[in-house]
Structures are given as C-alpha cells and as structure tokens.
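Numbering (mature numbering (1 follows the signal peptide of the UniProt record, and there is no 0)), first residue to last: -22 to -1, 1 to 412.
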C-alpha cells in the first residue's frame, strides 16, 4: 500500500480561541462562553472541544479536534449550519439532559435531543472523540442520553458507523464541508445503501459518483482497503440495523476517515516519527472509479487506452455509440439466454463486484449450493461467494443487469455470470466454469 505524506500546512485549518481554562465535564451548574476560551478535554487529553474559527472565516463554531496533534484537525462540528457571527455565545446543559448553544440574543443556534432524561445529567468528551451526555451513574453506552457519534460530519473516527437503523430511523452518513472556511454541509455524501447486499456510495447531491463494492470478508471489492494489522472492518447486518464501521487494532494509532470538500474519501493515520498525516486510502482514485462508467456488462480497465470494454462473450448494445466512446448503453450477451433449454455460467476473475442493490445473499451456503440456486432461477444472472476469507463461504446472487464492473487484477474477485449453454459449454444440471 502506497503511503503519501501531506505537508502540515494543509491541515492547519482553524484558529483555536486562546485557551485559558480546561474542564473535563459540563454540568447544569456550568457553562462555556465563546469569549471565556474554555474547552472540554478528554481524560487522556486525546481530544478537545471548544470554539474555533475555520480557515479565514470570522465565524465561530463549536467543534472537537485533536489536542495532542498540533495540525488543527477538526473531527466534528456542532453548529455547522448556524455559525456564531461574533464572540458572543454560550453553551449550557439544561434539563432533562440537553446541550444548547445560544447566540448573543439568547436564541438557540444548536441543541441536542434526547428521548431519555436524567435529574443530574453530565456532558463529557471521551478519549474516542465522542461527546456524550449521560447520567453520571450509568456508563452503559446503550443508555447515553445523546452522543456526537450519531451525527457524523466529514470525519469518521474508529468506532463510528455508516448505516441505518430501521427502528429509530437514524442514519449515519458522512457529509463534506463546503470549503476549508465553511464546515457547513457541502455537496458530497458518503452513505450506506441497505438494499440487497449493503454497500457504500459517494454521491454529489443526488448523483452517485463512486461505489466501494460490497465487503467480501477481506476488503471492499472496489477499494484497496482490506483488513490488515492496522485496521479492522466491522459489519452489522440485522433486521433492525445495517452498518459498517472500522477500528484501529493498535490503541495508540490515531486515524480518521474523511470526506473532503472535493468529494474524495481519504483514510489518514498519524505518524509520530514524521509528525505528519500519512494517506492509506484515496477514493475515487482513477477514471474507472466513476460509477457505471461502462454501462451494463461493460468492464473498465485503467490499463486499456479507452478504459471500457465488453466482458468476454458480450457485445456493445449500440455499436455506433460505443465506437464514439459513449459507453452508457453498455453491452449485451452475444448469445441470448435460453433458461428453459439450459444455461450455464462463465467465470470472470479479478473483478470489482457489480452493484448489489438487486441482489440476495445467504451467509451459510456453499459456492456449489449457490450455483445450483442461481441456475434454477431464470431471473438469476450471476453469483459469487459472499465471503472469500478462510476458503470462502456464503452466497451472493444478482437479479438485474450487472453494472459498475471494473478489472482489479491483483485483488479482484471471481464472479460467475449466466450464459447460454453454447457459450458456457455446460448443461443446466452440472454447471462448470471456465
């Protein structure tokens, strides 16, 4: 994995109002004003919360940043849509356990919410970077009155989620800053689509621009990020919640996943040796990362002059448009399927798996069982192993045209695509793969 150091100057994004006092909690008897320059500090002084001015802006925001890293890296902003225009503002904790930020006219510019209550609530900043409100006698995370980890901005810290809870309706999405001077919600969103087999998208407004590919037990099939001695990916796919998160396996490692204002997702880790941030992931990274670049059954290859080509045994749907490098209509099988008289499968290796929104998955089936289930269903167009770690397990089936395919020769996955028996050279009872 290539590591790219980035000069510190690009990350000195804000000015902290000169600190004169640090607290470890906020109670109902305490408050923080902008002009007092007071901050809240986590127990081991990993993170700090206070008021800051981003870039060249004169607006004030309540935010959280790294305390021990002097690059001015903000990881969360409370009032990103409603800045304080001057040095007048106060943060209070009120009953039944709500933080409120008031401006100079005593109007609320930002506040938390809660469905629970506490007679003696306390707000504190954890060493994870999570700002929480809790009953001081109840440290169960399930019982927090509120937590900032439920409201990501442009940064995902270890332990934070991307996903959706269908019971509460809560969604965990990342959204970019407008610019280095304005932390307001920008044009880009990084979000998890729970339809079919869950996958993550990068969107510009309503336009999907990049798809990570599904998690296959080792990596997201469309990125270079995979489980390693540094990071671990957690998946949670249950009826009430679908989510992805990541953790740093070394507790001393400082890392963050960001969505920058240019629409690029980056994973950074801090190097004490270099006193700098090092880049572990940068997506999208090339032309083939563009969503649906080559249309249905088209495959993108950065090593080819024209990028797009039809999969083997497929031909352009519109040969004239295709010759003019308009690949949007994609490709079709050169021999139509004939399910009633017998189809088979052709194996394609080294691929980013296609869009999984029209898919079905099972965690326990073998690849042989997966093949049989797909073959018996004329609507099934492709299958693969759900999890390729430890020899492979599970089943992933597709039921619509395959889109957003690309060649990833070193770490791509095998996928078996339904073809007419004359193309696969196999019958419908014992499909083998070439």
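Using N, Cα and C, we set each Cβ at its ideal position, and we do this for glycine too.
Practice item. With a cut-off of 8 Å on the beta carbons, I'd call residue 55 and residue 161 a contact; round off their distance for me. Key: 4 Å
Review point. Which residues in the same chain as residue 207 place their Cβ atom closer than 7 Å to its Cβ, once the five residues preceding and following it in sequence are excluded?
Key: 227
Practice item. Please state whether DSSP places residue 169 in a helix, a strand or coil. Key: strand
Practice item. Spell out a yes or no on whether the stretch 352 to 361 and the stretch 392 to 399 are touching, meaning 3 or more CB-CB pairs, one atom from each, closer than 8 Å. Key: yes
Check your understanding: From residue 384 to residue 170, what does the alpha carbon distance come to, in whole angstroms?
Key -> 20 Å
**Study point:** Beta-bridge partners of residue 233, as assigned by DSSP
**Key:** 247
Check your understanding: What do you reckon, is the C-beta of residue 394 under 6 Å from a heavy atom of the ligand SAH?
Key -> The ligand content of the structure shown is nil, which means the ligand SAH is not present either.
Exercise for review: Please report how far the alpha carbon of residue 305 lies from the alpha carbon of residue 150, in whole angstroms.
Suggested key: 34 Å
**Study point:** Every unbroken alpha helix (DSSP H) inside the stretch 240 to 307 [4 residues or more]
**Key:** 297 to 301
Review point. Is it a yes or a no for the stretch 116 to 132 touching the stretch 32 to 39, going by three-plus beta-carbon pairs under 8 Å?
Key: no
Practice item. Would you check if the distance between the CB atom of residue 223 and the CB atom of residue 234 is smaller than 7 Å? Key: no
Check your understanding: If you draw a straight line from the alpha carbon of residue 192 to that of residue 253, how long is it in whole angstroms?
Key -> 34 Å
Review point. Is residue 182 closer than 7 Å to residue 440 when the C-beta atoms are compared?
Key: No answer is possible for residue 440: the residues shown for the chain start at -22 and end at 412.
Point to revise | Inter-stretch contact (C-beta, 8 Å, three-pair minimum) for the stretch 130 to 147 and the stretch 288 to 296 | key: no
Practice item. Would you grab the beta carbon distance between residue 68 and residue 9 for me? Rounded to a whole angstrom, and I think it's under 8 Å. Key: 5 Å
Review point. Do you know how far the Cα of residue 247 is from the Cα of residue 138?
Key: 16 Å
Check your understanding: Roughly how many angstroms lie between the CA atoms of residue 186 and residue 12, to the nearest whole one?
Key -> 39 Å
Exercise for review: Pull up the DSSP beta-bridge partners for residue 325, would you.
Suggested key: 394
Practice item. Count the CB pairs spanning the stretch 16 to 23 and the stretch 94 to 104 that are closer than 8 Å, and state whether there are at least three. Key: yes
Exercise for review: Would you check if the distance between the CB atom of residue 289 and the CB atom of residue 275 is smaller than 7 Å?
Suggested key: yes
Point to revise | Minimum C-alpha distance to residue 315 - residue among 331, 379, 94 and 89 | key: 379
**Study point:** Proximity winner among 321, 345 and 279, relative to residue 388 (alpha-carbon distances)
**Key:** 279
Exercise for review: Answer yes or no: do residue 107 and residue 53 have a C-beta to C-beta separation smaller than 7 Å?
Suggested key: yes
Practice item. To the nearest angstrom, report how far apart residue 85 and residue 66 are at their CA atoms. Key: 11 Å
Point to revise | Coarse secondary structure for residue 368, derived from DSSP in three states | key: helix
Review point. Expressed to the nearest angstrom, what Euclidean distance is found between the alpha-carbon atoms of residue 24 and residue 71?
Key: 23 Å
Practice item. Kindly indicate which residue of 58, 73 and 273 has the alpha-carbon position closest to the one of residue 6. Key: 73
Check your understanding: For residue 53, does the three-state DSSP call read helix, strand or coil?
Key -> strand
Practice item. Could you name each continuous beta strand (DSSP E) segment of 3 residues or more that falls completely within the stretch 73 to 152, going from the start of the chain to the end? Key: 76 to 80, 86 to 89, 100 to 103, 109 to 112 and 139 to 143
**Study point:** residue 373, enclosing beta strand (DSSP E) - first and last residue
**Key:** 373 to 376
Point to revise | For residue 323 and residue 402, believed in contact at Cβ under 8 Å, the rounded distance | key: 6 Å
Review point. Taking Cβ positions, are residue 77 and residue 92 nearer each other than 7 Å?
Key: no
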